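Each residue of the sequence shown is one higher than the one before, counting from 46 in this note's numbering. Reading through the structure tokens given below for one structure.
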Amino acid sequence: MSTLHVISHSPFGDDRLSSCLRLLGPADGLLLCGDAVYALQPGSAPLSTLLAHNLGERLFALEEDLQARAIAAETLARSVDYPAFVALSLQYDKVNSWL
């Protein structure tokens with residue numbers, strides 16, 4: 046059973062991202078939104094952690110939040126808009142928001 050994990054909190058304020066990555070299954074996806082997109086800042090520890098997990102096509106970032114924070118997803122995360130977010134939530138069996 047696949048799960049789309051949604052994180053919206055900054056990776057610099059708590060350990061939600063680390064906890065999520067420990068539980069991420071091979072078929073699970075990860076969507077960064079809100080302040081969680083700061084994890085994609087070049088040279089940051091959270092980015093190194095994401096790279097080490099080699100998520101490939103399973104890492105997504107909400108386009109609006111990337112733009113609001115002037116962060117480029119580059120090739121690490123696939124930028125998605127709100128309609129694509131909805132489509133992703135239907136693609137996975139479950140959605141888990143890390144509140």
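For each residue, glycine too, the CB sits at the ideal point set by N, CA and C. Being a predicted model, the structure only gives us computed values, none of them experimental.
Beta-bridge annotation (DSSP): residue 99 is not paired with any residue.
Your pair residue 124 and residue 106 checks out as a contact, with CB atoms roughly 6 Å apart and the cut at 8 Å.
Going by DSSP, residue 130 is part of the alpha helix (DSSP H) stretching over 127-136. With the rule of 3 Cβ pairs closer than 8 Å, the segment 90-104 counts as touching the segment 62-78. The residue from 122, 82, 68 with its alpha-carbon nearest to that of residue 57 is 82. Only residues of its own chain outside the window of five on either side were considered, and among them 47, 48 have a CB closer than 8 Å to the CB of residue 70, listed in chain order.
Nearest neighbour of residue 112 by Cα position, chosen from 90, 85, 93, 132, turns out to be 85.
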